Amino acid sequence: MKMKNIRYLSGTGVAILVISVFSVACKVISPDTGELALKDAYKNKFYIGTALNERQIMGHDAAAIQVVKENFNAVVAENCMKSGMLQPVEGEFRFELADRFVEFGEQNNMHINGHTLIWHSQAPRWFFKDDQGNDVSREVLVQRMKDHIYTVVGRYKGRIHTWDVVNEAILDDGSWRKSKFYEIIGEDFVKLAFQFAHEADPGAKLMYNDFSMALPGKRKGVVAMVKKLQQQGVQIDGIGMQGHIGLQYPAIDEFEKSILAYSDLGVKVMITELDLSVLPSPWENTGADVSANFEYQQKMNPYAAGLPDSVDNVFQERYLDFFKLFLKHQEKIDRVTLWGVNDGQSWKNNWPIKGRTDYTLLFDRENRAKPVVKSIIQAAQQPHSDEKKKRKQSI
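FYI, our numbering numbers position 117 of the sequence shown as 130, with every residue one higher than the one before it.
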């Protein structure tokens with residue numbers, strides 16, 4: 014009976030039926046690349062993630078949301094889960110946007126990362142002050158940390174898979190950042206934050222996240238900090254290497270050394286906040302300290318009218334080289350997350366100089382996949398060196 018019905022379908026209907034069956038039985042094809050979508054190409058390697066902004070979380074950016082659903086299987090909130098956004102007034106939590114973010118991830122079967130619990134920047138001012146405007150005592154700040162972490166992590170217990178527990182506690186030279194957390198509590202604030210997060214949700218994976226992680230000094234400092242935490246019995250499951258990179262920095266071999274050094278600690282490595290700036294870096298500023306701010310100069314915004322082919326070619330090669338590095342060490346890496354969906358939404362357009370035009374991500378301002386996306390997908394289809402060795406050994 015079913016065969017008769019199919020025989021008398023119109024030609025268009027048959028075509029639609031065949032295409033539908035093919036896409037379900039075989040593979041998901043991205044209309045932009047003619048290849049596997051990013052998330053499908055990397056399905057058995059590591060998660061491919063992106064950061065969502067408020068408009069996307071609230072469903073007001075349909076084009077970007079479609080890109081996310083087609084290409085990514087992991088999400089992180091760009092801003093709405095930072096302490097200043099969640100608890101602007103002591104004891105008054107604003108969870109609406111964070112709730113929507115988590116729901117989006119769940120509805121689309123995505124790996125959800127919470128960002129970030131303890132960070133000196135974008136923390137509410139009240140966190141460190143008493144009613145008279147003086148610094149609070151160590152005991153008070155520890156209790157405020159505990160209350161915040163217990164409330165936030167507890168709310169999403171069993172729903173958020175990984176947490177960036179502490180963000181940017183180490184300086185580029187490997188020394189401790191003299192943040193208010195450090196000044197009032199001391200370096201134990203990191204240990205306490207991880208302990209509180211684990212107590213609030215024992216099933217969540219807990220991460221330390223920082224920028225400039227390829228620098229030898231920072232590498233040494235982070236490794237020393239994590240080793241000390243491990244010796245104290247603190248659960249730390251992964252290290253996030255923020256991927257705010259440029260055309261000339263960091264050196265890929267130094268980035269690789271850091272992947273190896275962090276992995277040697279027995280934890281997973283996450284490539285977080287990945288974006289590739291093509292713009293000149295003012296006064297050799299290559300970090301990602303959000304407090305950095307430089308005056309606008311026309312010479313520092315050379316591509317406002319469009320990106321020249323010569324620069325675009327370098328951009329494409331640079332992105333591909335990094336993804337080849339990630340593939341080389343795929344067993345050590347759990348997730349690679351882009352810091353935004355398309356170029357127009359990248360924070361690099363306004364940091365560290367406001368009003369510039371940058372081209373940092375894999376999708377352009379019209380949400381079209383850049384040519385490098387196809388190359389990155391194709392790279393994932395090639396067996397890497399470890400797979401080749403295994404094949405030779407099995408012969």
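In this text, a Cβ means the ideal position worked out from N, Cα and C, and glycines have one as well. Here the structure is a predicted model, which is why all the values come from computation and not from measurement.
At a cut-off of 3 residues, the continuous stretches assigned as beta strand (DSSP E) that sit fully inside the segment 124-150 are 124-132. A64 is the residue among F59, A64, Y60 whose C-alpha sits nearest the C-alpha of D288.
Distances from the CA of K159 to each of L51, S323, F207 were compared; the closest alpha carbon is that of F207. Counting only runs that start and end inside the segment 85-111, the beta strand (DSSP E) elements of at least 3 residues fall at 87-90. Restricted to the segment 327-387, the beta strand (DSSP E) segments that are unbroken, complete and at least 3 residues in length are 346-351, listed in chain order.
By the Cβ neighbour-count rule, V102 is exposed, with fewer than 16 other Cβ atoms within 10 Å of its own. Shortest Cα-Cα distance from F209 to any of V247, V80, I389 involves V247. The beta carbon of K367 is closer than 7 Å to those of Y309 in its chain, skipping five residues each way along the sequence. Per DSSP, reduced to three states, the secondary structure at I265 is helical. With at least 16 other beta carbons inside 10 angstroms of its own, S290 counts as buried.
In this structure, Y275 places its C-beta atom within 9 Å of the C-beta atom of R232. Non-local beta-carbon contacts of P384 in its own chain, meaning distances under 7 Å to residues more than five positions away in sequence, involve Q329 in chain order. Note: K281 is bridge-paired with G251 in the DSSP secondary-structure output.
Spanning the alpha carbons of V386 and L242 requires a straight line of approximately 38 Å. The three-state secondary structure of V291, taken from DSSP, is coil. Here G146 is exposed. Its C-beta has fewer than 16 other C-beta atoms within 10 Å.
As the crow flies, the alpha-carbon of L49 is around 45 Å from that of E105. In this structure, F376 and V80 form a Cβ contact; the two beta carbons are roughly 6 Å apart against a cut-off of 8 Å.
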